[in-house]
Structures are given as structure tokens and as C-alpha cells.
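Visitor: At position 21 of the sequence shown the residue is numbered 21 (full-length UniProt numbering), and the sequence of numbers has no breaks.
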Amino acid sequence: MSSRKGSSKRNSSSHSSSGDSSANEVIAPKEEFEVEEEAKDAYYKALCGSPPPSQDIPIPKRPVRSPNAPLTPSMVSPDYLTTLRDFYQIPSGVVFWIPSGNESAKNPPEGFFTCYEAFLVYCRMWFPIPGTIVRALHYFGLSISQLSVPALQHWLGVLISSYELGMDLNPGNFEGF
Numbered sequence: 001m002s003s004r005k006g007s008s009k010r011n012s013s014s015h016s017s018s019g020d021s022s023a024n025e026v027i028a029p030k031e032e033f034e035v036e037e038e039a040k041d042a043y044y045k046a047l048c049g050s051p052p053p054s055q056d057i058p059i060p061k062r063p064v065r066s067p068n069a070p071l072t073p074s075m076v077s078p079d080y081l082t083t084l085r086d087f088y089q090i091p092s093g094v095v096f097w098i099p100s101g102n103e104s105a106k107n108p109p110e111g112f113f114t115c116y117e118a119f120l121v122y123c124r125m126w127f128p129i130p131g132t133i134v135r136a137l138h139y140f141g142l143s144i145s146q147l148s149v150p151a152l153q154h155w156l157g158v159l160i161s162s163y164e165l166g167m168d169l170n171p172g173n174f175e176g177f
């Protein structure tokens, strides 16, 4: 398989005997070249004033479940929750509840909400959940577990941007999402 991209340069003569400029058109492949990693890093540093960020996003690995383990409503183990708590520096005041028996994520116990692993791992959600997010969820009549991962990423991104710009948000600011 070729590593050549499908783009090309078009070279054509401005004079055509038939009057059709596409008749004499020559298509030449666009030249590609390799760039050394050191050159990429130097370019990024010159452009941004800092070394390029790592492309690896650290994500804790979930332990593999034993084939003989009893089936439960959740794939998460207490040990893995401890790993997540340590890795993402979740305060000890945040209580995790793993559904068991007839319990399910759809109906969490009173005082709890369903927090998917992806909210921590891919959205980098933190605790306590920012009041602006809680007020926006209440405004729209939603539970946080009803948000998709991209939606929560957008909400948190808007919130972080507002912090950086010194803006106060209200639930109406999330109308377009």
C-alpha cells in the first residue's frame, strides 16, 4: 500500500489548440517527504514556545475479569475504583457505589447518581461537580448520566474556557448544546 496522498498539482498550458484548457492538462503527483521528529519538535517549540505535548493520554487499565467471576450489573471492581480515585485525585468525600444484585445504573440509590467510567477517563470530570454544570442539568431537567461523553466534554470545555476568560456562566449559556 502506498503512503502517497491523493492530492496533486495541476500543470496546464495556457494555450490550447482546441480551446479546451483541460485537453493539455498534465497531472503530476504532489511530492512528499519525511520530517524528522527532532525537526517537528523544534518547529513546535519555535511556534508555541514550549515543547510539544505527549500524544499519549494516560488511562488506568481496568483489570481483566476472570471468566469464573460471578456476573454483576457492573464491570467495575472496588480495586479499580481505588485506582481511579488515586489516579484522578478524587476526594475521599466522594462515595462510589457499585450496583449489586437487583440494583442497576438506571435506578441509583437515593443521594447517588450514575457516573460512567468514561466521564472520568475521557472527560476528566472532577469532584465536586461544578455548580454551573449542576444548575444547567437542573435547568434542562437532566441527570448527568443522560449526557453523552462528547456532550459532557463540550460542557466542561465551555466551563473551563469561561474560568480562563473570567466569565460567569448561567444555565442559559448551554442552550445551544
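Using N, Cα and C, we set each Cβ at its ideal position, and we do this for glycine too.
Taking just the CA atoms, how far does Glu164 sit from Arg85?
Guide: Roughly 26 Å between the two C-alpha positions.
Visitor: Could you tell me the distance, in whole angstroms, from the CA atom of Met167 to the CA atom of Tyr139?
Guide: Approximately 19 Å, taken between the alpha carbons.
Visitor: To the nearest angstrom, how far is the alpha carbon of Asn102 from that of Ala118?
Guide: The straight-line gap from Cα to Cα measures roughly 23 Å.
Visitor: Could you give the distance in angstroms between the alpha-carbon of Ile90 and the alpha-carbon of Ser162?
Guide: For Ile90 and Ser162, the distance between alpha carbons rounds to 23 Å.
Visitor: Using the three-state DSSP reduction, which class does Pro171 fall into: helix, strand or coil?
Guide: Looking at Pro171 - three-state DSSP - the assignment turns out to be helix.
Visitor: How many Å lie between Leu159 and Asn107 at the Cα?
Guide: Going from the Cα of Leu159 to the Cα of Asn107 covers about 28 Å.
Visitor: Give me, in chain order, the residues of the same chain whose beta-carbon lies closer than 8 Å to that of Ser143; leave out the 5 immediate sequence neighbours on both sides.
Guide: Contacts found: Phe113, Thr114 and Leu137.
Visitor: I need the boundaries of the alpha helix (DSSP H) containing Pro109, first residue and last residue.
Guide: No alpha helix (DSSP H) contains Pro109, which DSSP labels as neither H nor E.
Visitor: From Ala46 to Pro130, what distance separates their C-alpha atoms?
Guide: Cα to Cα, the separation comes out at about 36 Å.
Visitor: Note down the Cα distance separating Ser14 from Ala28, rounded to an integer number of angstroms.
Guide: Low confidence applies to Ser14: its pLDDT is 49, below 50, so where it sits in the model is not reliable enough to give any reading.
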